[in-house]
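Student:
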Amino acid sequence: MKKSIIISVVTILVLSCIIFLLLFNKDNNEKKNIPNIIVNKRCGAVMDEFIFSVENIDNDVNVTWDLGDGNVSYGKTIKHRYQRSDYFDVICRVDYGKSEVSSNITISVVNMNYYSNYNGNSIININPISSKTIEGSAFIFEGISEPIIFVNITINNCYGSLEILVLTYDIETDAESIVISKSYNGINQDIQFSEMLLNNDFPQYEESLLIDAQIILHNGRCGQWNINISVEY
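All you need for the working numbering is the position in the sequence shown, starting with 1, plus 39.
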């Protein structure tokens, strides 16, 4: 009699454990769906907008994004811009309260350098009172960290006096600064101007910065000219 009672109790306990485990596993399987990461592109340029979203998760969960560059964001859909080129492992973590599941994706961010190139034919200025100006420009956009700017100017057969200016214009504040000023006087002289500007060579800017290179012919003439400005991130 006692033996049958013990067997019955043990059987009930075993069945209870099995039922509990089945229910527990069912609950976990329902909640521990692997997040499916959706991104608008797997490869982009520095400062491009990447849009990350996640599917296959419940509505009432917390989503955390480790964006691989030291930044963290929250929500089912986020936007991010990378300020340097590299491969980034983006991790999406979904918090269900008692458990957490994650998924990851690797994206590639490359440099997309900005180039502007201007060419022109000969210019003549025989009036020493006024001057003629030709110019070329390039932009540095908001969020770009530590850009390097190269300004290269070639002027052929320069006769008379001219000046080369490199200026910056803050698009937000309209503030103007002269960064470089050089004067030349020559007779049939070819001029090669080449300068590199680092981040501390030009003023801090609010939104975006215009780099403007000018050739100012005070009197005389010059032949073909070229202004090339490149911004490397």
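Heads up, the beta-carbon is just placed ideally off N, CA and C, and yes, glycines get one too.
Checking the sheet assignment: what are the DSSP bridge partners for Glu-185?
Tutor: The residue you call residue 185 lines up with position 146 of the sequence shown. DSSP, once it has assigned bridges, lists no residue as partnering Glu-185.
Student: Okay, do the segment 188-200 and the segment 248-264 touch, 3+ Cβ pairs below 8 Å being the bar?
Tutor: Yes, since at least three Cβ pairs between the segment 188-200 and the segment 248-264 fall closer than 8 Å, the two stretches touch.
Student: Which class does Asp-240 belong to by DSSP, given the choice of helix, strand or coil?
Tutor: Counting from one through the sequence shown, the residue named residue 240 turns up at place 201. Asp-240 falls in the helix class under three-state DSSP.
Student: By Cβ distance, which residues of its chain are closer than 8 Å to Phe-89, with the 5 residues on each side in sequence left out?
Tutor: Locating residue 89 in the sequence shown gives position 50, counting from the first residue. Here the set comprises Val-78, Asn-79, Lys-80, Gly-83, Lys-118, His-119, Arg-120, Tyr-121, Ile-146.
Student: Could you please give me the residues that DSSP links to Gly-83 through a beta bridge?
Tutor: Taking the first residue of the sequence shown as 1, we reach residue 83 at position 44. BP columns for Gly-83 point to Val-148.
Student: Considering Cα atoms alone, identify which of Leu-237, Asn-95, Val-102 is closest to Ser-269.
Tutor: Translated into positions along the sequence shown, residue 269 becomes position 230. With distances taken between Cα atoms, Ser-269 lies closest to Leu-237.
Student: Taking the C-alpha atoms as reference points, what is the distance between Phe-241 and Ser-176?
Tutor: Reading the sequence shown from its first residue, position 202 is the one you call residue 241. Reading the sequence shown from its first residue, position 137 is the one you call residue 176. Going by the C-alpha atoms only, they are around 15 Å apart.
Student: Give the straight-line distance between the Cα atoms of Gln-231 and Asp-87, rounded to the nearest whole angstrom.
Tutor: The residue you call residue 231 lines up with position 192 of the sequence shown. The residue you call residue 87 lines up with position 48 of the sequence shown. Each residue's alpha carbon lies about 35 Å from the other.
Student: Applying the 10 Å Cβ sphere with the 16-neighbour rule, what's the burial state of Ile-203?
Tutor: Stepping through the sequence shown from its first residue, residue 203 is reached at position 164. Counting Cβ neighbours within 10 Å, Ile-203 comes out buried, since at least 16 surround it.
Student: Identify the continuous beta strand (DSSP E) that holds Leu-106 and give its terminal residues.
Tutor: Position 67 of the sequence shown, counted from the start, is the residue given in the question as residue 106. First-last for Leu-106: undefined, no H or E at that position.
Student: What residue does the beta strand (DSSP E) around Ser-92 start on, and which one ends it?
Tutor: Numbered from 1 along the sequence shown, position 53 holds the residue referred to as residue 92. Unbroken beta strand (DSSP E) run through Ser-92: 88-94.
Student: In chain order, what are the residue ranges of uninterrupted beta strand (DSSP E) at least 3 long that sit wholly in the segment 204-233?
Tutor: Fully enclosed beta strand (DSSP E) runs of 3 or longer: not present.
Student: Name the DSSP bridge partner or partners of Asn-195?
Tutor: For the purposes of this step, residue 195 is taken as the residue at position 156 of the sequence shown. DSSP output for Asn-195 lists no bridge partner at all.
Student: Decide if Asn-67 is buried, meaning its Cβ has at least 16 other Cβ atoms within 10 Å, or exposed.
Tutor: On the sequence shown, position 28 is the one that residue 67 refers to. For Asn-67, the predicted structure reports a pLDDT of 49, less than 50, and the residue's modelled location is therefore unreliable. The matter cannot be settled from this model.
Student: Which runs of the beta strand (DSSP E) at least 3 residues long sit entirely within the segment 115-150? Give them in chain order.
Tutor: 116-120, 125-134, 139-149, all fully within the segment 115-150.
Student: Would you list the one or two residues that DSSP bridges to Gly-262?
Tutor: As a position in the sequence shown, residue 262 is number 223, starting the count at 1. According to DSSP, Gly-262 bridges with nothing at all.
Student: Do Val-205 and Gln-243 have their C-beta atoms closer together than 9 Å?
Tutor: Here residue 205 corresponds to residue number 166 of the sequence shown, with the count starting at 1. Here residue 243 corresponds to residue number 204 of the sequence shown, with the count starting at 1. It is not a contact, given that the beta carbons lie outside the stated cut-off.
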